[in-house]
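Trainee:
In my numbering, the protein residues as written are 449 to 667.
1) Three Cβ pairs or more, each shorter than 8 Å: is that satisfied between the stretch 483-496 and the stretch 546-560?
2) Measuring alpha carbon to alpha carbon, tell me which of 648, 610, 539 ends up nearest residue 593.
3) Which one or two residues does DSSP pair with residue 532 in a beta bridge?
4) Less than 9 Å between the C-beta atoms of residue 679 and residue 526, yes or no?
5) Quick check on the DSSP output: the beta strand (DSSP E) that includes residue 525 runs from which residue to which?
6) Please report the Cβ distance between residue 536 and residue 555, rounded to the nearest whole angstrom; I am assuming they are in contact, meaning their Cβ atoms lie under 8 Å.
7) Give me whichever residues DSSP pairs with residue 552 in a beta bridge.
8) Is residue 560 near residue 511, with beta carbons less than 9 Å apart?
9) Could you check whether the stretch 511-525 touches the stretch 639-656, counting it as contact only if at least three pairs of C-beta atoms, one from each stretch, sit closer than 8 Å?
10) Taking all protein chains shown into account, decide if residue 658 is buried (16 or more other Cβ within 10 angstroms of its Cβ) or exposed.
11) For the alpha helix (DSSP H) holding residue 632, just list the boundary residues, first then last.
12) Return the CA-CA distance between residue 568 and residue 600, expressed in angstroms with no decimal places.
13) Suppose you measure from the CA of residue 623 to the CA of residue 633; what does that come to, to the nearest Å?
14) Does the beta-carbon of residue 645 have 16 or more other beta-carbons within 10 angstroms, so that it is buried, or is it exposed?
15) Got a sec? Which residues, its chain only, sit under 8 Å from residue 580 by beta carbon, not counting five neighbours each side?
16) Given a threshold of 16 other Cβ atoms within 10 Å of its Cβ, counted over all protein chains shown, does residue 715 qualify as buried or as exposed?
17) Out of curiosity, what's the CA-to-CA distance linking residue 488 and residue 618?
18) Given this structure, state the Cα-to-Cα distance separating residue 453 from residue 486, to the nearest angstrom.
19) Which class does residue 515 belong to by DSSP, given the choice of helix, strand or coil?
20) Report the rounded CA-to-CA distance for residue 631 versus residue 612, giving the unit in angstroms.
21) Could you give the first and the last residue of the continuous alpha helix (DSSP H) run that contains residue 622?
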C-alpha cells in the first residue's frame, strides 16, 4: 500500500476577501515595486527590544509610537495633560484633519503608563498649569525620525517597513489580524473613512498562512 496523501478541496477553503477598491490605496501596505511597508508583529518586537538600550526619553517616545499607531508628529505633540493615567489613555490630536481640535483616545499598556510617569514625572507636571501643556518630547520631527531609524538599524531591520510609518502600518495590520474590530482600529488611527482602514485587512495574516500550509502538503 502506498502512502495516502491528504488532499484539499479548494472549494472548502474560505476565500480571501480583498478590501482594496482603489489600486493606489495599496501603497499603504506595499510600495510600487511590491515591497512590504508594514512591520510584522515579530519585527515590532525586535524594534521594541532594541529601544531598551536607548536613552529613557527616546525609549518612551519609541514605545508610545509603536503602541498607538499614531503619526510621528502626533506623538511629538503629546503633553502631560493629554495622558490620562486613570483611564489608561493617551489623547492624540489628529493633525491630518482639515481643522484643528479633533482628538482621539488610544489605550496603552499599564506598564507603559508607569514608565511614562517615572521618566517624565507626569503626576507632578499635570499639577502645574505652566507645565501641563508643554510637549513631553520637545524635538523637531527630523530629530525624532532619525532616532527611529537608528533603533530600526539596531534591531537589524531594513527596507521600506523600517520607518515610523512602518510602525503605524504594522500597528494597523497586527490589530486587525489580532481580532480588534475594524471600527475601533479606524478610530485609533484617526481615519476619516473606513475604506482606508480596510486596506490593512488585505495583508496576509496567520490564518491565511495556515491555509497555505494545508495546500503545501499536497505538493
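Cβ atoms here follow ideal geometry from the backbone N, Cα and C, with glycine treated the same way.
Mentor: Taking the definition as stated:
1) Fewer than three Cβ pairs drawn from the stretch 483-496 and the stretch 546-560 lie within less than 8 Å of each other, which leaves the two stretches out of contact.
2) When only C-alpha atoms are compared, the closest one is 610.
3) Partner(s): 537.
4) Outside the displayed span of the chain (449 to 667) sits residue 679, for which this structure offers no information.
5) Per DSSP, residue 525 belongs to no beta strand (DSSP E) and is neither H nor E.
6) Between the beta-carbon of residue 536 and that of residue 555 there is about 6 Å, and that keeps the pair under the 8 Å contact cut.
7) Looking at the DSSP assignment, residue 552 forms a beta bridge with 540.
8) Yes, the pair counts as a contact, with Cβ atoms nearer than the cut-off.
9) Segments in contact, no.
10) Here residue 658 is exposed: its Cβ has fewer than 16 other Cβ atoms, across all protein chains shown, within 10 Å.
11) Residue 632: member of the alpha helix (DSSP H) spanning 630-637, first to last residue.
12) Looking at the two C-alpha atoms, the distance is approximately 24 Å.
13) When only Cα atoms are considered, residue 623 and residue 633 end up about 7 Å apart.
14) With 16 or more Cβ atoms within 10 Å of its Cβ, residue 645 is classed as buried.
15) Contacts found: 527, 528, 529, 573, 574.
16) This structure cannot speak to residue 715, because the chain is shown only from 449 to 667.
17) Each residue's alpha carbon lies about 6 Å from the other.
18) Model confidence at residue 453 stands at a pLDDT of 38, short of 50, so the residue's coordinates are unreliable; what they give is reported in the following sentence. One C-alpha to the other measures close to 37 Å.
19) Three-state result, residue 515: helix.
20) If you take the alpha carbons of residue 631 and residue 612, they lie about 23 Å apart.
21) According to the DSSP assignment, residue 622 belongs to the alpha helix (DSSP H) that extends over 612-625.
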